[in-house]
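Heads up: the sequence lines are chains A and B, in that order. Residue numbering for the first sequence follows this note's numbering, beginning at 1 and increasing consecutively. Residue numbering for the second sequence follows this note's numbering, beginning at 1001 and increasing consecutively. Note that CB positions come from ideal geometry on N, CA and C, so glycine has one too. Just so we're clear, the structure is a prediction, and the values are computed from it rather than from any experiment. To keep things clear, I will list the structure first and then write my remarks on it.
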Amino acid sequence: MKKQIFVLITALLGFVAGSFGVYDRLVNGHLNAAYGSYIPWGLWVALYIYLVGLSAGAFLFSTLVYVFNIHRSGNVAAVATLPVGLADGSEFSLRRLEDIGKLALFTALVTLFGAMFAIWMDIGHMERAWKMLLQTNFHSLMGWMLWFYTAYFILLMAELWLAMRADLAARASKNWLARLLTFGRLDTSESAVAADRKALRILGSIGVPLAIAFHGGVGALFGVIGARPFWNSGLTPIIFIVGALLSGGALLTFITAFFGSNQEEIGQLIPFLGRIVLGLLALDVLLELSDYLVNSYAAIPAHVDALRMVLFGPYWWVFWFVHVGLGVALPAFLLIAFRRSSFATATASFLIAFTFITVRLNIVIPGLSISELKGLGSAFTGPGLTFSYFPSQTEWLLAVWVVSFAVLVFLAGLHWLPILNERKESN
Amino acid sequence: MINEANLLDKYASEVFAGLVAPALEGVHAEILASAIPAADLLVKEDVLIRMNTELKRALEKPASERRWVMVIDLRRCIGCSACTVACVAENKLPPGVVYRPVMMEEVGTYPNVSMKFLPRPCMQCDNPPCTPVCPVSATYKNAEGVVEIDYDQCIGCRYCIAACPYSARTFDFGYNYAEQLPVFDAAIVGGTTAAGYEHASKEYGEDWARNGIQESPVSNVRKCHFCLHRLKEGMLPACTTTCIGRATYFGDANDSTSLVIELINKPNVIRLKEELGTEPRVYYIV
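Encoded structure:
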């Protein structure tokens, strides 16, 4: 509980401080943002793709449980009883992956909220956001996005409800919120739970292509822009999806280790998740290396200039220290050298998930900070007509607010909903 | 209009008599031989007159039969940025919004140096990369081939800015030139008086007043539109009429006798970033 209270206080502080950023954005629009007309997207867009990546990654991890049945040991009855928290302490450790099903779904939902807030605040006319859904241009990848997110949101809600329903029903007699949320379906019999499971499996199966489509779509949103050679690659959507799996999986591993109630079971589960995260980290590094090396060799100015910006530009330390050092090398070392340690795995996962924002920033900003025409930067002066960018105070504060908000919703969910399986009785 | 014979006469008599006189002799001989008054023979029509006439002719056709193009003679451009300023004045562009910057580049090493200038309006591409990416169809190519933005539809996501290979789009953050001028009761009225100069923009034939951050065109993306509102009234774009060197030409490329057609059907004409397949409608004479 101490850990939860620490997170709660931190998130509350972030929420209060960040409110100033939200206030400034709502009152002064984009006047106090550091992005401009030559670098039109900044921290908020990076935060959005970061959070939506976490969501897609966390969701895809949930499908390991609900679609691919990774946990299954052949004992159908055991499978059926697990979601209601009546676990029998089976010897098959992989079954424990079941524990993260609901947590993964809820993490996906909360990060989706955060992402939507970040991108909603980023657009010029917030009051016209509805047009994206009702007056969509389907030639635009961005036009597709809100449709994908809406479908995904509905799917997440449905899956989460199905995953929690039996637990809610079990609590219904003593908890009015649980009773309300069951929507009257209080059946906790084995057949009812099995029916939930079947529906979950179908929804999860729809969710896999949907999650790949929407996050691949976000990648494609950048990838299709021929004007920006740094983004314009068939590899971009793939890098986005792998990045989502890595960052989302790492976040989930950390959350499971941090908030999990049963340390003994976590001790079995976390190293397993750690191995998946390590594999994804290797794949992500491979893709990044391939992209960077191929383009460095070709050395076509429009492309390699952006790459140089990442590697040796004014924010070189973001790439080398934060991304390579704290986001790749140190976690890889921890995951390899201390692979049986839950603490090391959780620390490595936290580092990967947290520093992944710099990967997103290093996609969005360098792609835009190369002048498209020689001499444009000095041709006309005015606010926003510049090729340098560092987020303003308002941008940082709003970003902190979005993340704090997501964390608070997450904590509220943990507190009031049966997200974590209650295993205290087996202790 | 310039009467070159009179001009020569004037100079010959006043300053350069000795130098100009031989040249003038020939002129006089020709005039005498043809018996046509000098004023008629050597009158040179300003290209603006011709373009204006052609513009009126084009406006008589249905919009879809016109094909507006702009031609910029880089050999004549002296980098004065009068076009940039005229555009800002015409469209009441706020700080940070620019439709037609002039890029300047120094070439060579001292003492063998010269300047290159490149005015950059919107290219009004026939295959614009900026329009398909708009999530709400707020930007599109109109019947005359000009890429417009529907300010009331634009949500301000700035995806089109990212997609334009010419950086021809800028975002209106809501700045005003007059906002920081002093105001003091009954004594100093700088701010309020100057604010009056920032009239509503007449872009697309409507009044676009500046009333806070949530009212268009503030928080919208903005771009050059070949001064559609002026064209409608039979006036050339502001940049074209203001160019002191007559380096910018404008007209209907579907009119085979137009000046712009004469200019672009030459080998020394380029378009920017042809390799992207955007098919710009702005041509540069080099």
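B:L1276 has its alpha-carbon roughly 22 angstroms from the corresponding atom of B:S1137. Comparing alpha-carbon positions, the option among B:M1235, B:V1097 and B:C1080 lying closest to A:T381 turns out to be B:V1097. When the alpha-carbon of B:E1106 is set against those of A:K374, A:I370 and A:V242, the nearest one is in A:K374.
If you draw a straight line from the Cα of B:K1116 to the Cα of B:R1158, it is about 30 angstroms long.
Contact between B:P1165 and B:T1278 holds: CB atoms are separated by about 7 angstroms, below the 8 angstroms threshold. The three-state reading of DSSP puts B:M1115 in strand, counting E and B together.
Taking the Cβ atoms as the reference, B:A1168 lies roughly 23 angstroms from B:R1246, outside the contact range of under 8 angstroms. Residue-level contact by beta carbon holds for A:G384 and chain B, with a gap shorter than 8 angstroms. Scanning the region 247-287 of chain A from its first residue to its last, no whole alpha helix (DSSP H) run of 4-plus residues comes out. Ranked by Cα distance from B:C1125, the options B:S1114, B:V1113, B:N1220 and B:Y1140 are led by B:Y1140. Close to B:R1158, with beta-carbon spacing below 7 angstroms, are these residues of chain A in chain order: P40 and W41.
Excluding sequence positions up to five before and after A:F387, its CB lies within less than 6 angstroms of the CB of Y38, S369, S371 and G377, all in the same chain and listed in chain order. The three-state secondary structure of B:T1139, taken from DSSP, is strand. Sequence-ordered contacts of the region 1166-1185 of chain B with chain A read Y1166, S1167, T1170, F1171, F1173, G1174 and Y1175 [C-beta pairs closer than 7 angstroms]. By the CB criterion at 8 angstroms, A:V65 and A:I100 fall inside the cutoff. If you check each beta-carbon in the region 359-373 of chain A against every beta-carbon of chain B, the ones closer than 7 angstroms belong to L368, E372 and L373. Residue pairing by DSSP places B:I1270 opposite B:Y1284 in a beta bridge.
The straight-line gap separating the alpha-carbon atoms of B:V1133 and A:G143 is approximately 8 angstroms. With at least 16 other beta carbons inside 10 angstroms of its own, A:G29 counts as buried. Residue pairing for B:E1105: DSSP places it in a beta bridge opposite B:K1116. Of all residues in the region 392-403 of chain A, none is placed with a Cβ closer than 9 angstroms to any Cβ belonging to chain B. The residue from B:I1244, B:T1170, B:A1063 and B:P1267 with its alpha-carbon nearest to that of B:V1047 is B:I1244.
Between the alpha carbons of B:D1172 and A:G204 lies a gap of roughly 43 angstroms. Look at the region 108-133 of chain A: the residues with a C-beta under 7 angstroms from a C-beta of chain B are I123, G124, H125, E127, R128, A129, K131 and M132. Scanning chain A for C-beta atoms nearer than 9 angstroms to the C-beta of B:Q1124 yields nothing, as the closest lies near 16 angstroms away. Collapsing the DSSP output to three states places A:W231 in coil. Just so you know, the alpha carbons of B:A1086 and B:I1270 end up roughly 25 angstroms apart.
Rounded to whole angstroms, the Cβ separation of A:A399 and A:L112 is 16 angstroms, and the two are not in contact under 8 angstroms. Only exposed fits B:A1200, as fewer than 16 other CB atoms lie within 10 angstroms of its CB.
About 6 angstroms separates the Cβ atoms of A:A34 and A:Y389, confirming a contact at the 8 angstroms cut-off. By the Cβ criterion, the region 312-328 of chain A is in contact with the region 344-357 of chain A, since at least three pairs of Cβ atoms, one from each stretch, lie closer than 8 angstroms. In this structure, B:N1220 and B:G1156 form a Cβ contact; the two beta carbons are roughly 6 angstroms apart against a cut-off of 8 angstroms. With fewer than three CB-CB distances shorter than 8 angstroms, the region 330-350 of chain A does not count as touching the region 1058-1067 of chain B. In the three-state DSSP reduction, B:G1251 falls in the strand class (E or B). Setting aside the 5 residues that flank it on each side, B:G1234 is surrounded in the same chain by N1052, L1055, K1056 and L1059, each with a C-beta closer than 8 angstroms to its C-beta; the list follows chain order. Interface flag for B:V1113 against chain A is unset, since no Cβ pair is found closer than 8 angstroms.
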